[in-house]
Amino acid sequence: MNNSNIPYGKQNITKEDIDAVIEALQSDHLTQGPRIIEFENQFASYIGSKYAVAVANGTAALHLSALVLGVQEGDKVITTPITFAASANCIRYCGGEVVFSDIDPETYLLDIEKVRTLLQKSPKGTYKGIIPVDFAGRAVNLEEFRNLADEYNLWLIEDACHAPGGYFTDSINTVQNCGNGNFADLAIFSFHPVKHIACGEGGMITTDNEILYKKLLALRTHGITKSDYEFSNSIEFACGQNPELNKYPGWYMEMQTLGFNYRITDFQAALGTSQLERAKEGLENRRKLALNYNTAFDNSIYIKGQSGVVEGHAYHLYIIEVENRLGLYNYLRENNVFAQIHYIPCHLMPYYKNFGWKEGDMPNAENYYKKCISLPMYPSLSYEEQNTVIDLIKRFYGF
Ligand SMILES: Cc1ncc(COP(=O)(O)O)c(C=O)c1O
């Protein structure tokens, strides 16, 4: 019998993290200070992208991404039903139409062949973009998605919330990190506490595209620019009198487009940078824990895992499919193990049912939902705790 609670995911805050936050709190900048740029630079170098833009959360990252890619009323965008609703909602924020396409039952990722069929069925130009999700931390093969997207002139947003540090290997055997900007136009990340890097709330957009990068910077902060070369009003207007020098005054800025306040604070960025220093270590722990689960459940007729090649998996979640999932979930809870379900298929959320989506539309996602359960997975999960979880599952199924 286990006495202390074991959640499915948990942040890992060290003394270094706390010191970094305190230092930020005692500095001159609680927000819009140097720690944000530092976090962005370090994150871009960890992921391997040219640019990174830190924002308030992953949902804001998705919203800004959809905006800078020009999503408008009625634009059709394809995504997976097995994701957190935010991956789809960003299209709705812009008035676009979300078109769900089913998952591959082995990888639980958006099935590229189903997307191809969907695209083939309509005239070119019907769809605007695709949002694949590195679900659970398993990297999508973005090279294949890029090729498909190029055939139909579509953009790609990689929802990499579950996969900082994850990767896939491309057709010439090169390792491609999730979010590295080589294939997707934009990639987004979340720094919610259960994710690999915790900021409390926080998000990041990575890209190799300078034009998109600049648009993101403006939209993150009300659509305001402070760059002289971008101003459209005259220097005379800006000065409010005849200028002494042919120069915009120091206070001048322009709001040129309708943006938002989607900024992250400096103390959250300080926490993010500090957490980033341990990201590799945390990822290694997650991979070791996943291996232990794999070994424990190997050959079990009761348990199916996210099978196939899992090299490069970032293991935000460790998911198995089981019979009598409700029974197992309750049994684990009775023993203080708080497993979770990821996800209730998005197309069957009442909001999306209003658009006509119904049961039977996505058979693979719906079958997956009946059986999936996410087991505890976080870097500080001890082997003793993990063994408690494994033993409980074995006892429940009697193997
Ligand atoms: C796949 C996915 N996309 C987007 C988000 C949204 O991120 P946030 O909670 O930081 O807004 C999440 C967060 O749970 C997520 O799991």
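Using the numbering used here, you'd call the opening residue of the sequence shown number 131 and step up by one each time.
The beta-carbon is built from N, C-alpha and C at its ideal position, and this holds for glycine as well.
Any heavy atom of ligand 1 within a distance shorter than 8 Å of the CB on D289?
Yes, ligand 1 has a heavy atom inside 8 Å of this Cβ.
In terms of alpha-carbon separation, which member of A399, N372, L347 and S217 lies closest to F321?
Closest by alpha carbon: A399.
Cβ-heavy atom distance, S504 to ligand 1, below 8 Å
It does not: the Cβ of S504 is nowhere closer than 8 Å to a heavy atom of ligand 1.
Could you name the residues that DSSP lists as bridge partners for W285?
In the DSSP output, where bridge partners are listed per residue, W285 has G259.
So G380 and H352 are supposed to be a Cβ contact under 8 Å. How far apart are they, rounded?
About 19 Å separates the two Cβ atoms, so there is no contact after all.
Would you list, in sequence order, the uninterrupted beta strand (DSSP E) runs of no fewer than 3 residues that lie entirely inside the segment 280 to 356?
If only uninterrupted beta strand (DSSP E) runs of at least 3 residues are considered, those enclosed by the segment 280 to 356 are 285 to 289, 297 to 299, 305 to 307, 316 to 320 and 333 to 337.
According to DSSP, simplified to helix, strand and coil, what is V198?
Note: V198 maps to helix in three-state DSSP.
I'd like the span of the alpha helix (DSSP H) that includes T425, first residue to last.
Start and end: A409 to F427.
Using a Cβ-based criterion (distance less than 8 Å to any ligand heavy atom), does N187 qualify as near ligand 1?
It does: the Cβ of N187 is within 8 Å (strictly closer) of some heavy atom of ligand 1.
Would Y508 count as contacting chain B if we go by Cβ distances under 9 Å?
Of the protein chains in this structure there is only one, and it is not chain B.
F468: which of T304, Q516 and G442 sits nearest, CA to CA?
For F468, the nearest C-alpha among the options comes from Q516.
Would you kindly check if the distance between the Cβ of I327 and the Cβ of L406 is under 9 Å?
Their beta carbons are under 9 Å apart, which means L406 touches I327 by this criterion.
Return helix, strand or coil for K434, following the three-state DSSP convention.
DSSP, reduced to helix, strand and coil, places K434 within a strand of the structure shown.
If we require 4 or more residues per run, which alpha helix (DSSP H) segments fall completely within the segment 367 to 398?
Secondary structure remark: continuous alpha helix (DSSP H) runs of at least 4 residues inside the segment 367 to 398: none found.
Within 10 Å of its beta-carbon, does Y257 have 16 or more other beta-carbons around it, so buried, or fewer, so exposed?
The residue in question, Y257, is buried, as its Cβ has 16 or more Cβ neighbours within 10 Å.
L160 - DSSP class collapsed to helix/strand/coil
In the displayed model, L160 falls within coil according to three-state DSSP, outside both helix and strand.
Going along the chain, which residues of its own chain have a beta-carbon closer than 6 Å to the beta-carbon of K434, five neighbours each way excluded?
The residues are E451.
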